Amino acid sequence: MNQIHYVGYDGIHPNNFKYDIPNGFDSFLLVVTKTPVLFRIQTKVEEYPAHTAILYPPKHDIWYAACKDSYQNHWLRFVSDESFVTQFPKQAVPFLISDPEYCRSLFKLLTWETSQLISSARLYQNAGMLTQNRDAHFEHQNMDKHCRNITISQLIRILFDKLYNDAQCINVSKYDQLLLSLRRQIAANPEIPWDITTMANSLCISNGYLQRLYKQKFNISCMDDVIHFRLHKARDLLLYTTESISTIAEQCGYNNTEHFCNQFQKNIGTTPGKFRRNSKQHTEVPRL
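878 is the number that my numbering gives to position 151 of the sequence shown; each next residue is one higher, with no gaps.
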């Protein structure tokens, strides 16, 4: 049996939005975000990306808030004794969903069917009071209510089948591939004026979440990796070309030659000029 208390989709909240229910509800609460969000999990507040889902069981602490911009989500408060809900593998634990538009469509249908169920009940209640043939109206009302409840339960099952598959995916493969693609772009074109915002926007996630994911994946920060690839390119140009230091600095994305030299020495341990001279000495063929 499933009974919906509240359901909605495409909800929009201001950037100061915070939802704090310390003792939770007597029902389940399912939230699927459309924007980055802050969740408090076991007293720790962390940022999660758009298209994150969380199922709060009854009586469980609920806390989530807007990240920085306006916050958007779909939500469903409902009572259920179905095993696919009560035994859902991830409860009060955020996880990413793989098909946001599909989930949105299901929330939209649930909202529509629930609103029609409520409207139908009110309509037939009023009609029953104004007509002598109340039994026929009540019979029609009960039949319509029964059909809509079946539809609602089927939609909830379909939604949870989808969420179950996403919850079982331990690795966030979607972001793994996007991060690998981003790093390949940086490696191939380190001279581009990379910055955190540009990189985060390319993945459709927030700046903070990108930095956390990138560090977890590659054990280096985004901007340190950009410097790494710029200096790697600079070493190759110093070794295999006769371009001037200033030209190499420009080709590696540095507008300031002095800054390039300082960063090169800090990371490589010597100046670009000394690196080039030492490399030539080591590779020079001795004359007979």
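Backbone N, C-alpha and C fix where the C-beta goes; we use that ideal spot for every residue, glycine too. Quick caveat, the model's predicted, so the values are computed rather than measured.
In the DSSP output, which residue or residues are listed as bridge partners for K771?
Beta-bridge pairing links K771 to I768.
Relative to the alpha-carbon of P920, which residue among D903, V953, E828 has its alpha-carbon at the smallest distance?
V953
Grouping DSSP H, G and I as helix and E and B as strand, with all else coil, what is I739?
Taken through DSSP and simplified to helix, strand or coil, I739 comes out as strand.
Tell me, which residues are paired with K669 by DSSP?
Only positions 728 to 1015 of the chain appear in this structure, which leaves residue 669 out of reach.
Alpha carbon to alpha carbon, how far is A914 from F956? Give it in angstroms, no decimals.
In this structure, the alpha-carbon of F956 lies about 6 Å from that of A914.
DSSP on S880, reduced to helix/strand/coil?
helix
Along the beta strand (DSSP E) that carries I781, what are the first and last residues, could you check?
779-783
Assign I975 to one of three DSSP states: helix, strand, or coil.
helix
For E918, which option in A976, Q904, Q990 has the closest C-alpha, if you only look at C-alpha atoms?
A976
Below 8 Å between beta carbons: does that hold for S807 and F755?
yes
Mind checking which residues open and close the alpha helix (DSSP H) that includes H801?
No alpha helix (DSSP H) contains H801, which is instead part of the beta strand (DSSP E) from 798-807.
Could you please give me the residues that DSSP links to F755 through a beta bridge?
F805
Determine the DSSP secondary structure at H732, reduced to helix, strand or coil.
Three-state result, H732: strand.
Rounding to the nearest angstrom, what Cα-Cα distance links A927 and I731 in this structure?
37 Å
Specify whether the stretch 988-1007 and the stretch 922-936 touch according to this definition: at least 3 beta carbon pairs, one from each stretch, less than 8 Å apart.
no
Given R1014, which residues of its chain have a CB within under 6 Å of its CB, disregarding the five upstream and five downstream residues?
Caution applies to R1014, whose pLDDT of 36 falls short of 50 and renders its modelled position unreliable; the model cannot decide the point.
Would DSSP call F716 helix, strand or coil?
Only positions 728 to 1015 of the chain appear in this structure, which leaves residue 716 out of reach.
Using only the alpha-carbon positions, how far apart do L909 and L833 sit?
32 Å
Roughly how many angstroms lie between the CA atoms of K1007 and L966, to the nearest whole one?
8 Å
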